[in-house]
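Asker: Take this structure, written in C-alpha coordinates, and hold onto it; I'll ask about it next.
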Amino acid sequence: MIALMILIVFGIWCVIGWNVCGSLVVRRVQRPLLRWSLIPVFWIVWFVGPIADEIIGGRIFDAECARLPEKKFFGPVHLGAGAFFDENGTRRWNNKQEFDEIRARVSDWWERVFVWQRKETRVLTFPVVIKRTETTIHYEPSNSLVLTEVRLWSSGGWIRRSLGTGILSGLTCVSPGQWPRSAETITF
(Lines of atoms letter the chains of each structure in order from A and count residues from 1; the text may use other names and numbers.)
(Lines give C-alpha, C1' and ligand atoms only; values in the text may rest on other atoms or scores of the structure.)
Protein backbone atom coordinates (compact mmCIF):
# COMPACT_ATOMS: atom_id res chain seq x y z
CA MET A 1 0.00 0.00 0.00
CA ILE A 2 2.83 2.38 0.86
CA ALA A 3 4.58 1.53 -2.41
CA LEU A 4 1.38 2.33 -4.31
CA MET A 5 1.09 5.70 -2.59
CA ILE A 6 4.75 6.45 -3.36
CA LEU A 7 4.19 5.56 -7.02
CA ILE A 8 1.12 7.81 -7.19
CA VAL A 9 3.01 10.74 -5.62
CA PHE A 10 5.98 10.09 -7.93
CA GLY A 11 3.63 10.01 -10.95
CA ILE A 12 1.97 13.27 -9.94
CA TRP A 13 5.41 14.85 -9.39
CA CYS A 14 6.47 13.70 -12.90
CA VAL A 15 3.33 15.15 -14.52
CA ILE A 16 3.83 18.47 -12.73
CA GLY A 17 7.51 18.43 -13.75
CA TRP A 18 6.59 17.68 -17.35
CA ASN A 19 4.29 20.70 -17.45
CA VAL A 20 6.77 22.99 -15.69
CA CYS A 21 9.61 21.83 -17.96
CA GLY A 22 7.42 22.45 -21.00
CA SER A 23 6.52 25.95 -19.96
CA LEU A 24 9.94 27.00 -18.59
CA VAL A 25 12.45 25.28 -20.84
CA VAL A 26 10.85 24.00 -24.05
CA ARG A 27 8.69 27.02 -24.86
CA ARG A 28 11.01 29.78 -23.61
CA VAL A 29 14.47 28.65 -24.73
CA GLN A 30 14.77 29.21 -28.48
CA ARG A 31 18.21 27.74 -29.24
CA PRO A 32 17.86 23.95 -29.69
CA LEU A 33 21.30 23.02 -28.32
CA LEU A 34 20.74 25.05 -25.15
CA ARG A 35 17.20 23.71 -24.80
CA TRP A 36 18.32 20.06 -25.04
CA SER A 37 21.13 20.66 -22.55
CA LEU A 38 18.80 22.40 -20.06
CA ILE A 39 16.17 19.66 -20.08
CA PRO A 40 18.38 17.09 -18.23
CA VAL A 41 19.54 19.81 -15.83
CA PHE A 42 15.91 20.69 -15.12
CA TRP A 43 14.99 17.05 -14.37
CA ILE A 44 18.01 16.56 -12.09
CA VAL A 45 17.08 19.68 -10.12
CA TRP A 46 13.40 18.68 -10.18
CA PHE A 47 14.07 15.31 -8.52
CA VAL A 48 17.10 16.09 -6.33
CA GLY A 49 16.12 19.60 -5.22
CA PRO A 50 13.34 18.59 -2.80
CA ILE A 51 15.61 16.10 -0.99
CA ALA A 52 18.89 18.02 -1.21
CA ASP A 53 18.60 19.14 2.42
CA GLU A 54 18.19 15.49 3.43
CA ILE A 55 21.23 14.40 1.43
CA ILE A 56 23.51 17.19 2.67
CA GLY A 57 22.16 17.03 6.23
CA GLY A 58 22.55 13.24 6.33
CA ARG A 59 26.23 13.50 5.48
CA ILE A 60 26.77 16.18 8.12
CA PHE A 61 24.84 14.05 10.65
CA ASP A 62 27.00 10.99 9.89
CA ALA A 63 30.17 13.05 10.30
CA GLU A 64 28.95 14.38 13.67
CA CYS A 65 28.05 10.86 14.79
CA ALA A 66 31.56 9.63 13.97
CA ARG A 67 32.98 12.30 16.31
CA LEU A 68 30.86 11.37 19.34
CA PRO A 69 32.87 10.53 22.46
CA GLU A 70 32.47 7.10 24.04
CA LYS A 71 30.21 6.55 27.03
CA LYS A 72 32.23 7.01 30.18
CA PHE A 73 31.56 5.01 33.33
CA PHE A 74 33.53 6.43 36.24
CA GLY A 75 33.32 3.36 38.43
CA PRO A 76 30.88 2.05 41.00
CA VAL A 77 29.53 4.22 43.79
CA HIS A 78 30.25 3.16 47.38
CA LEU A 79 26.95 2.77 49.23
CA GLY A 80 27.88 1.04 52.45
CA ALA A 81 25.40 -1.04 54.46
CA GLY A 82 21.71 -0.69 53.62
CA ALA A 83 19.19 -2.14 51.21
CA PHE A 84 21.81 -3.60 48.87
CA PHE A 85 24.60 -4.69 51.26
CA ASP A 86 24.64 -5.95 54.83
CA GLU A 87 27.03 -4.65 57.51
CA ASN A 88 29.77 -7.04 56.33
CA GLY A 89 29.54 -5.83 52.73
CA THR A 90 27.82 -8.98 51.45
CA ARG A 91 25.45 -8.44 48.54
CA ARG A 92 21.78 -9.00 49.35
CA TRP A 93 21.06 -10.28 45.83
CA ASN A 94 22.21 -13.26 43.80
CA ASN A 95 20.81 -12.47 40.37
CA LYS A 96 19.32 -9.65 38.31
CA GLN A 97 15.75 -10.44 39.38
CA GLU A 98 16.61 -10.15 43.08
CA PHE A 99 18.53 -6.93 42.44
CA ASP A 100 15.57 -5.48 40.54
CA GLU A 101 13.23 -6.41 43.41
CA ILE A 102 15.45 -4.58 45.92
CA ARG A 103 15.72 -1.61 43.59
CA ALA A 104 11.93 -1.52 43.17
CA ARG A 105 11.51 -1.40 46.97
CA VAL A 106 13.89 1.55 47.25
CA SER A 107 13.05 3.20 43.91
CA ASP A 108 12.32 6.61 45.48
CA TRP A 109 15.70 6.55 47.20
CA TRP A 110 17.43 5.33 44.00
CA GLU A 111 15.94 8.20 41.98
CA ARG A 112 17.00 10.76 44.61
CA VAL A 113 20.63 9.64 44.89
CA PHE A 114 21.29 8.88 41.21
CA VAL A 115 20.47 12.24 39.62
CA TRP A 116 20.09 12.38 35.83
CA GLN A 117 20.86 15.65 34.11
CA ARG A 118 20.28 16.33 30.44
CA LYS A 119 21.60 19.30 28.53
CA GLU A 120 20.34 19.85 24.99
CA THR A 121 22.05 22.10 22.46
CA ARG A 122 21.65 22.70 18.74
CA VAL A 123 24.61 21.62 16.69
CA LEU A 124 23.20 22.70 13.33
CA THR A 125 20.09 24.50 12.12
CA PHE A 126 20.58 24.36 8.34
CA PRO A 127 20.08 22.35 6.11
CA VAL A 128 18.64 20.10 8.85
CA VAL A 129 18.29 20.63 12.59
CA ILE A 130 20.70 18.49 14.61
CA LYS A 131 20.35 18.45 18.40
CA ARG A 132 22.95 17.15 20.85
CA THR A 133 21.87 15.82 24.23
CA GLU A 134 24.52 15.28 26.90
CA THR A 135 23.36 13.03 29.72
CA THR A 136 25.21 12.79 33.02
CA ILE A 137 24.39 10.72 36.07
CA HIS A 138 25.65 11.95 39.44
CA TYR A 139 25.64 10.21 42.79
CA GLU A 140 24.08 12.97 44.88
CA PRO A 141 25.52 12.29 48.38
CA SER A 142 29.13 12.62 47.18
CA ASN A 143 28.34 14.59 44.00
CA SER A 144 30.52 12.13 42.11
CA LEU A 145 30.04 11.58 38.39
CA VAL A 146 28.88 8.06 37.54
CA LEU A 147 28.26 8.08 33.79
CA THR A 148 28.24 10.39 30.76
CA GLU A 149 26.68 9.84 27.35
CA VAL A 150 26.04 11.95 24.25
CA ARG A 151 23.20 11.51 21.76
CA LEU A 152 22.52 13.26 18.47
CA TRP A 153 19.07 13.58 17.00
CA SER A 154 17.75 15.10 13.80
CA SER A 155 14.23 15.41 12.49
CA GLY A 156 15.64 15.30 8.94
CA GLY A 157 14.83 17.42 5.92
CA TRP A 158 11.61 19.21 5.15
CA ILE A 159 9.92 16.17 3.57
CA ARG A 160 10.70 13.94 6.56
CA ARG A 161 9.52 16.63 8.99
CA SER A 162 6.28 17.19 7.09
CA LEU A 163 5.48 13.46 6.99
CA GLY A 164 5.82 13.22 10.78
CA THR A 165 6.54 10.01 12.65
CA GLY A 166 6.65 6.52 11.26
CA ILE A 167 9.15 4.81 9.00
CA LEU A 168 10.65 8.15 8.01
CA SER A 169 10.95 9.57 11.52
CA GLY A 170 14.13 11.21 12.80
CA LEU A 171 17.72 10.05 12.89
CA THR A 172 19.48 9.16 16.14
CA CYS A 173 22.97 8.10 17.10
CA VAL A 174 24.39 7.40 20.54
CA SER A 175 27.88 7.43 22.03
CA PRO A 176 29.58 4.11 21.40
CA GLY A 177 30.03 1.81 24.36
CA GLN A 178 27.85 -0.06 26.82
CA TRP A 179 25.85 1.17 29.77
CA PRO A 180 26.78 -0.71 32.91
CA ARG A 181 24.09 -2.87 34.48
CA SER A 182 22.54 -1.23 37.53
CA ALA A 183 24.25 -3.75 39.83
CA GLU A 184 27.62 -2.70 38.39
CA THR A 185 27.09 0.93 39.39
CA ILE A 186 27.21 0.21 43.13
CA THR A 187 29.63 -1.40 45.55
CA PHE A 188 29.96 -1.68 49.34
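The opening residue of the sequence shown carries number 289 in the numbering used here; numbering runs sequentially from there. No residue lacks a Cβ here, since even glycine has one placed at the ideal position from N, Cα and C.
Does the beta-carbon distance from PHE349 to ILE418 come in below 8 Å?
Answerer: Against a cut-off of 8 Å, the Cβ pair of ILE418 and PHE349 comes out as a contact.
Asker: In terms of residues, what are the limits of the beta strand (DSSP E) holding LEU326?
Answerer: Segment 320-336 is the alpha helix (DSSP H) holding LEU326; no beta strand (DSSP E) there.
Asker: Of all the options TRP467, GLU437, MET293 and ARG347, which has the alpha carbon lying nearest to the alpha carbon of PRO415?
Answerer: That would be ARG347, whose Cα lies nearest to the Cα of PRO415.
Asker: Are the CB atoms of PHE476 and GLY363 within a distance shorter than 8 Å?
Answerer: Going by C-beta atoms, GLY363 is not nearer than 8 Å to PHE476.
Asker: For the beta strand (DSSP E) that contains SER432, what are its first and last residues?
Answerer: 432-442 is the extent of the beta strand (DSSP E) around SER432.
Asker: For PHE361, collect the residues of the same chain with a Cβ closer than 6 Å to its Cβ; drop the 5 residues on either side in sequence, then sort them by chain order.
Answerer: Result list for PHE361: LEU435 and PRO468, in chain order.
Asker: Who are GLU408's beta bridge partners in DSSP?
Answerer: DSSP, once it has assigned bridges, lists THR421 as partnering GLU408.
Asker: Comparing C-alpha positions only, which one of PRO338, ASN307, VAL313 and ARG323 sits nearest to SER450?
Answerer: Ranking PRO338, ASN307, VAL313 and ARG323 by Cα distance to SER450 puts PRO338 first.
Asker: So, at 7 Å on beta carbons, what are the nonlocal neighbours of THR473 in its own chain, with the 5 sequence-adjacent residues on each side left out?
Answerer: The answer, listed in chain order, is PRO364, VAL365 and VAL434.
Asker: Taking all protein chains shown into account, decide if GLU342 is buried (16 or more other Cβ within 10 angstroms of its Cβ) or exposed.
Answerer: By the neighbour-count rule (16 or more Cβ atoms within 10 Å), GLU342 is buried.
Asker: For PRO425, which option in LEU412, ARG406, SER443 and ARG410 has the closest C-alpha, if you only look at C-alpha atoms?
Answerer: It is Ile, not Pro, that sits at residue 425 in the sequence shown. Among LEU412, ARG406, SER443 and ARG410, the Cα nearest to that of ILE425 is on ARG406.
Asker: Whole-angstrom Cβ separation of VAL438 and ARG410, contact assumed at under 8 Å?
Answerer: With a Cβ gap of about 14 Å, VAL438 and ARG410 do not count as contacting.
Asker: Compare the beta carbon distance of GLY458 and GLY444 with 8 Å and say whether it is the shorter of the two.
Answerer: Taking 8 Å as the Cβ cut-off, GLY458 and GLY444 qualify as a contacting pair.
Asker: Using a Cβ distance threshold of 8 Å, determine whether the segment 325-339 contacts the segment 296-310, with at least three qualifying pairs required.
Answerer: Enough Cβ pairs lie closer than 8 Å, so yes.
Asker: Kindly list the residues whose CB is nearer than 7 Å to the CB of CYS353, restricted to its own chain and excluding five residues on each side of it in sequence; keep chain order.
Answerer: Excluding positions up to five away in sequence, the list reads LEU440 and CYS461.
Asker: Quick one: what's got a C-beta closer than 7 Å to LEU412's C-beta in the same chain, skipping five residues either side?
Answerer: Answer for LEU412: ILE348 and ILE418, listed in chain order.
Asker: Just the C-alpha distance for GLU358 and ASP388, rounded to the nearest angstrom, thanks.
Answerer: Straight-line Cα distance between these residues: approximately 27 Å.
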